[in-house]
Amino acid sequence: MESPTCLAQLCKQCNVVSALERPGVASHSTLLFLTLWQSLVQGSVIHRLLNRLPRDRQIPVLIMSSFEDVDTEETVTSLHMTLYHPGHQRSGIFQSIKFCNRETLPTSEVVKFGRNSSTCRYTFQDKQVSRVQFSLQLFKKFDSSVVSFEIKNMSKKTNLLVDDKELGYLNKMDLPDKCLIRFGDYQFLVEKEDGESLEFFEIQFFLSIRPLLQENKWPPQKPTPECGSCSPCSTQNNSPTEAGENEW
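To convert, note that position 103 of the sequence shown is 103 in full-length UniProt numbering; the numbers rise steadily by one, no gaps.
Printed below as a string of structure tokens:
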């Protein structure tokens, strides 16, 4: 923070005070200089400096409070997804996904994952993946001030596991704040950070070279046939619900 003495010396070096002491001499650049300094130092410093001038030669200065007038940005909900597939390094399954890049999306968007690039925002270069594998959509609960996500299985040939819950075609459920999504050889670790904004959210991808299943100690998944289903799981709590095909 500049002291009043240092500020006065700087203004004197730049002929700011001398210019203001002469009527009609204060130039546009002088006014711009003072305006910039208002945003860098306390308004009271500039105010005292200008009060040294005769009253009839002072210029009006807008003093901005650091705490009252500064706009505060809303935080946004962030979804971090760590992806793993054993064949990525060999065949580049995730090559169309930009890792470590924060992408801001509107909360009204239904985010689809799958093979079809014309339908899905995020695609996998794998013929075993359905055109649309699954989708995520935001919603806001009645008793909550933050947004949540719903996940829906859009694949007719492969069931989806969210932790230990199995979703068949068009089944959906609330996405936990931290969970493991699995289908076939795909493993996605999803972590949500709450934000304030109801207009936008962020999504960011990371790549894991090691299986997430063992690292995070989730229960093992039995092999899933190409057109089969995952092993049956308990659905006592937070059970998936069946959604209509045209609901989203």
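Where is the CB? At the ideal position from N, CA and C, for every residue including glycine.
If you draw a 10 Å sphere on the C-beta of ARG90, you find fewer than 16 other C-beta atoms in it, and that means exposed. With a threshold of 16 other beta carbon atoms within 10 Å, THR75 falls short and is exposed. In this structure the stretch 180-192 touches the stretch 155-168; the number of beta carbon pairs closer than 8 Å is three or more. Counting of Cβ neighbours within 10 angstroms places VAL110 among the exposed residues, the total staying below 16. In the structure shown, LEU189 adopts extended strand secondary structure according to DSSP, grouped into three states. For ARG90, the enclosing alpha helix (DSSP H) stretches over residues 88-91.
A direct Cα-to-Cα measurement between GLY114 and CYS120 gives close to 6 Å. In the three-state reduction of the DSSP assignment, GLN204 falls in the strand class. Scanning PHE201, PRO211, ASN116 for the CA closest to the CA of THR104 turns up PHE201. Judged by pairs of C-beta atoms under 8 Å, the stretch 186-198 touches the stretch 136-149, as three or more such pairs exist. If you look at THR82, you'll find it in the beta strand (DSSP E) that goes 77-84. Rounded to whole angstroms, the separation of the alpha carbons of MET81 and LEU213 is 14 Å. Secondary structure at GLN133: coil, using DSSP grouped into helix, strand and coil. Taken in chain order, the whole beta strand (DSSP E) runs of length 3 or more contained in the UniProt domain "FHA" (111-167) are 111-114, 134-140, 147-153, 160-162, 165-167. Excluding five sequence positions before and after ARG131, the CB atoms of its chain that fall closer than 7 Å to its own CB belong to GLY114, ARG115, ASN116, THR119, given in chain order.
As the crow flies, the alpha-carbon of LEU83 is around 8 Å from that of TYR186.
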